Amino acid sequence: MYAFDYHKPRSLAEATALLNANPEARLLAGGMTLIPTLKQRLASPSDLVDLGGLPDLAGIFVGDGEVRIGAMTTHATVAHSAEVRAALPALAALAEGIGDPQVRHRGTIGGSISNADPAADYPAGVVGLGATVVTDRREIAADNFFTGMFETALEPGEIVRQVRFPIPEAAGYAKFPNPASRYAVAGVFVARAAGGVRVAVTGAGPSVFRVPEMEAALTASFTPEAIASVLVDADDLNTDLHATAAYRAHLVGVMAARAVTSALES
Amino acid sequence: MHNENVALTVNGRRHALDLDPRVTLLDALRENLGMTGTKKGCDQGQCGACTVIVNGQRINSCLTLAVMHAGDEITTIEGLEEDGNLHPMQAAFVRHDGLQCGYCTPGQICSAVALLAEHKAGWPSYATADVATAPVLTDGEIAERMSGNVCRCSAYSNIVSAIRDVAEGGRI
Ligand SMILES: Cc1cc2nc3c(=O)[nH]c(=O)nc-3n(C[C@H](O)[C@H](O)[C@H](O)COP(=O)(O)OP(=O)(O)OC[C@H]3O[C@@H](n4cnc5c(N)ncnc54)[C@H](O)[C@@H]3O)c2cc1C
Ligand code: FES
Ligand code: FES
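Have a look at this one:
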């Protein structure tokens, strides 16, 4: 690691002041991605601003047709929240499927979406449910939040405070996990709400994306059979040591069908 | 760049340290406090050899900075024994031969102790078929709940037996 100064602000205003005063500062949530990145010397922030001292950023509220999750809420807390399991079981199951227990006890929803790893699970839930990302300065619709591989709409110094998920009629998530890390080789989140069906894919492309053909077919008939003939184009998908683009395209179809089945069972 | 004064509470004892903020909790335990029971395997969150229990939750000590843990209650493998007697989980690992080289063992045991507490609290897992009912600790459930701890010697079957033994009341 390159040297840095460490700060643990006690208020959001103090955190913002630290970020403004130090343009090369980085926010630190659970450190699950940032600390390995620092160890590999892939980042050299002048300062780390630890959000762990801001209890207001952690917590879950369910009501008004929404599930609101604070940015510093850990994956384990979401997975084991009785309220989330009752209102949005697909999201609790998604959180339970991230990494392993040690990672789930430290990794946060805010860190996961801000990092925007192309294989991360939460982006599929955020886009699939049409959530809203609330920051210290504005609200960002899920469709505008993820802009590319490890890229988001967040501006320098902008802090994610909360993610607001509208509660759907039915939702399901299915992924083909990397057997070691559990990151999604391909993962599909499907949600049916009054406005129609949304299908969001993670792991397969450079960033989370929707599949309009599947959404139209599922809005007409919410069954796995309805999407059996929808082919996903492999051209824009990733090839790496885990899977080829063609295999990922196939997996998207399989995972989407499983997600619909899971939504129908929930 | 500045050092930080940090007080770490490890196994009930408070230690005042003056640390470079880059020092991980794992390195602080091993290098600054001389508590080498906690092991460094991968140093990047993938193997679980460095598992410790912080405020009741198992975490990877290699993926967290020591300065982040002022005021937290940290339990390591050295803190599990009671009055000179092995913790029931330690005794079960010996009885069931839940190890070969032993390098992953402190992490496995800390993880297993936390696993039992999580199970007692009623937490389901990814392997739980019906999350509405209290999960039974089958071998599949134990394997899933221990998925953060890798054993290069592949002592898994005996690790699972040891944990199930303690979960079922054990013979201490
Ligand atoms: C072994 C291992 C396995 C994993 N497996 C999976 C998996 O299967 N699926 C999956 O989805 N993920 C997986 N992860 C990632 C993990 O779930 C974490 O969520 C992710 O690494 C982010 O970590 P964090 O919350 O600790 O954030 P950090 O690492 O602390 O921060 C990540 C980035 O987000 C920024 N940031 C953090 N919080 C905010 C905020 N509130 N506002 C603005 N920016 C912010 C930081 O500056 C940093 O750039 C795995 C990680 C590990 C180590
Ligand atoms: S040494 Fe920490 S997880 Fe491997
Ligand atoms: S006993 Fe050797 S790594 Fe587990």
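Note that the protein sequences, when read in sequence, are chains V and A.
Just so we're aligned: 166 in this note's numbering is position 135 of the first sequence, and the numbers increase by one with no gaps anywhere.
Just so we're aligned: 53 in this note's numbering is position 48 of the second sequence, and the numbers increase by one with no gaps anywhere.
Cβ coordinates follow ideal geometry from the N, Cα and C atoms, glycine included.
Keep in mind it's a predicted model, so treat the numbers as computed, not measured.
- Item | Cα-Cα separation between P210/V and Y108/A, rounded to whole angstroms | 22 Å
- Message: Suppose only complete runs of 4+ residues qualify. What are the alpha helix (DSSP H) ranges in the segment 133-180 of chain V, listed by chain order?
- Response: 140-146, 153-159 and 173-176
- Item | ligand 2 heavy atom lying under 7 Å from the CB of A137/A | no
- Task: Would you kindly work out how many angstroms separate the C-alpha atoms of L262/V and A280/V, rounded to a whole number?
- Result: 8 Å
- Have a look at F220/V and L160/V and give me their C-alpha separation to the nearest angstrom. 8 Å
- Task: Consult DSSP for D36/V and reduce its assignment to one of helix, strand or coil.
- Result: strand
- Message: Applying the 10 Å Cβ sphere with the 16-neighbour rule, what's the burial state of K125/A?
- Response: exposed
- Message: Mapping the DSSP letters down to three states, classify Y204/V as helix, strand or coil.
- Response: strand
- Item | Distance between G96/V and I198/V (C-alpha atoms, nearest Å) | 6 Å
- Could you spell out the range, first to last residue, of the beta strand (DSSP E) harbouring Q105/A? It is not in any beta strand (DSSP E) - Q105/A carries neither H nor E in the DSSP assignment.
- Would you call the segment 244-259 of chain V and the segment 177-195 of chain V in contact, with 3 or more CB pairs under 8 Å? no
- Please determine if the segment 144-156 of chain V and the segment 229-244 of chain V are in contact, where contact requires at least 3 C-beta pairs separated by less than 8 Å. yes
- Is any beta-carbon of chain V found at less than 8 Å from that of I164/A? no
- Query: Where does the unbroken alpha helix (DSSP H) through T47/V begin, and where does it stop?
  - Reply: L43 to A52
- Determine, using beta carbons only, whether Y37/V and P26/A come nearer to each other than 8 Å. yes
- Query: If you follow the beta strand (DSSP E) that H111/V is part of, which residue opens it and which one closes it?
  - Reply: No beta strand (DSSP E) holds H111/V; the alpha helix (DSSP H) holding it covers H106 to H111.
- Item | Delimiting residues of the alpha helix (DSSP H) encompassing H20/A | Segment R18 to L24 is the beta strand (DSSP E) holding H20/A; no alpha helix (DSSP H) there.
- Should N65/A be labelled buried (16 or more other beta-carbon atoms within 10 Å of its own) or exposed? buried
- Nearest neighbour of R100/A, chosen from T69/A, V171/A, Q49/A and T81/A [CA to CA]: V171/A
- Nearest-angstrom Cα separation, counted from V15/A out to E127/V: 29 Å
- Task: Report the residue from L249/V, E45/V and V157/V whose alpha carbon sits nearest the alpha carbon of A225/V.
- Result: L249/V
- Message: So with CB distances below 7 Å, who are the chain V contacts of G50/A?
- Response: M63, P67 and V134
- Compute the minimum distance between the beta carbon of R137/V and the heavy atoms of ligand 1, and state whether it is under 7 Å. yes
- Query: Does the beta carbon of L68/A sit closer than 8 Å to a beta carbon anywhere in chain V?
  - Reply: yes
- Roughly how many angstroms lie between the CA atoms of G54/V and I91/V, to the nearest whole one? Strictly speaking, residue 54/V in this sequence is Pro, with Gly absent from that position. Those two C-alpha atoms are separated by around 31 Å.
- Task: Using the Cα positions of N51/V and E45/V, report the straight-line distance between them to the nearest angstrom.
- Result: 10 Å
- May I ask you to check if the CB of C47/A is nearer than 7 Å to at least one heavy atom of ligand 2? yes
- Query: Among K39/V, A151/V, L85/V and R137/V, which one has its Cα closest to the Cα of F181/V?
  - Reply: A151/V
- Would you please state the rounded distance, in angstroms, between the beta carbons of Q133/V and G53/A? I believe it to be under 8 Å. 6 Å
- Proximity test, A54/A beta-carbon vs ligand 2 heavy atom, cut-off 7 Å: yes
- Taking Cβ positions only, does G83/V come closer than 8 Å to chain A? yes
- Message: 8 Å is my cut-off, CB to CB: does Y204/V come that close to chain A?
- Response: no
- When the Cα atoms are used, what is the spatial distance from I177/A to R213/V? Legend: pLDDT at I177/A = 48, less than 50; position of this residue unreliable, value from coordinates given subsequently. Taking the straight line joining both Cα atoms gives about 36 Å.
- Please state if the CB of A60/V and the CB of T139/V are separated by a distance shorter than 8 Å. yes
- Task: Could you name the residues of chain B that M32/V contacts, counting a contact when the two beta carbons are closer than 7 Å?
- Result: Among the protein chains in the structure shown, which are V and A, there is no chain B.
- If you measure from the beta carbon of Y37/V to each beta carbon in chain A, is any gap under 8 Å? yes
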